[in-house]
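**Q** Each step along the sequence shown adds one to the number in UniProt numbering, with nothing skipped, and position 140 is 140. Questions regarding the structure given below will be posed in turn.
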Amino acid sequence: MIRAFLPPDAPLLRKVSAQVDKFSNGELRTLVDDMFETMRDGNGVGLAAPQIGVDARIIVIEFSGNEERAPGESPVPPTVLINPVITSGVGRTEGREGCFSVPGKIGIVPRYATIEYTAQDMDGLNVRGKAEGFHARIIQHEVDHLNGILYILDTRQ
Numbered sequence: 001m002i003r004a005f006l007p008p009d010a011p012l013l014r015k016v017s018a019q020v021d022k023f024s025n026g027e028l029r030t031l032v033d034d035m036f037e038t039m040r041d042g043n044g045v046g047l048a049a050p051q052i053g054v055d056a057r058i059i060v061i062e063f064s065g066n067e068e069r070a071p072g073e074s075p076v077p078p079t080v081l082i083n084p085v086i087t088s089g090v091g092r093t094e095g096r097e098g099c100f101s102v103p104g105k106i107g108i109v110p111r112y113a114t115i116e117y118t119a120q121d122m123d124g125l126n127v128r129g130k131a132e133g134f135h136a137r138i139i140q141h142e143v144d145h146l147n148g149i150l151y152i153l154d155t156r157q
């Protein structure tokens, strides 16, 4: 089901999201399916649960690699990260970002070029990962949402 996005001034978008502690259930599966459907319907590459009114530390990402917004970048398969934490970042880069939560706005946002992260999967198992380039940018943008940060607050227009 496609879900509605919260308006930019919604209080949930400005608070740290709640940890997820229940895994492998139908409610979580339905939420994640809805998140992917909503993200794809909006032609996005990432979505955080708070953006659709859910107070939970969940992000979904997917990038075909064929999009004009990041030419030459590698594809990112459909990925679910629950309770993600960025554990390290290396190098600095600036890039254009847009967001479902602030429609019609684009900003130049500084990010790490490469990150390492930990998270949990749909079964609650711990995962570790490394991301570079646009993949790293997507994860950082979505994790910011989980921490109550909108990219527009850390941008130069």
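Ideal Cβ positions, reconstructed from N, Cα and C, are used throughout, including at glycine. It should be emphasised that the depicted structure is a prediction, and the values quoted were computed from it without experimental measurement.
If you run the structure through DSSP and keep just helix, strand and coil, what is L81?
**A** Reading the sequence shown from its first residue, position 81 is the one you call residue 81. It is a strand residue.
**Q** With DSSP as the reference, please indicate the residues paired to Q120 in a beta bridge.
**A** Position 120 of the sequence shown holds residue 120. Answer is I82, N126.
**Q** How would you write the range of the beta strand (DSSP E) that I59 sits in, first residue to last?
**A** Here residue 59 corresponds to residue number 59 of the sequence shown, with the count starting at 1. 58 to 63 is the extent of the beta strand (DSSP E) around I59.
**Q** Using only alpha-carbon positions, find the residue among G129, E68, G53, T87 that is nearest to P7.
**A** The residue given as residue 7 occupies position 7 in the sequence shown. Of the candidates G129, E68, G53, T87, the one whose C-alpha sits nearest the C-alpha of P7 is G53.
**Q** With a threshold of 16 other CB atoms inside 10 Å of the CB of I2, please say whether the residue is buried or exposed.
**A** Position 2 of the sequence shown holds residue 2. It is exposed - the Cβ of I2 has fewer than 16 other Cβ atoms within 10 Å.
**Q** Label P84 either buried or exposed according to how many other C-beta atoms from any shown protein chain fall within 10 Å of its C-beta, with 16 as the threshold for buried.
**A** Indexing the sequence shown from 1 puts residue 84 at position 84. By the 10 Å Cβ count, P84 comes out buried.
**Q** As a quick exercise: from Y151, E132, N25, P11, pick the residue whose alpha carbon is nearest that of I108.
**A** The sequence position of residue 108 within the sequence shown is 108, counting from 1. Closest option to I108, Cα to Cα, is Y151.
**Q** In the DSSP assignment, the alpha helix (DSSP H) including G46 goes from what residue to what residue?
**A** Reading the sequence shown from its first residue, position 46 is the one you call residue 46. G46 -> not in any alpha helix (DSSP H); beta strand (DSSP E) instead, spanning 46 to 48.
**Q** Would L125 and A48 be called neighbours here (beta carbons separated by less than 8 Å)?
**A** Start at 1 with the first residue of the sequence shown, and residue 125 comes out as number 125. Start at 1 with the first residue of the sequence shown, and residue 48 comes out as number 48. Not a contact, by the Cβ cut-off of 8 Å.
**Q** How would you label E27, buried or exposed, when you count the other beta carbons within 10 angstroms and need 16 or more for buried?
**A** Residue mapping note: residue 27 aligns to position 27 of the sequence shown, counting from 1. Under this definition E27 is an exposed residue.
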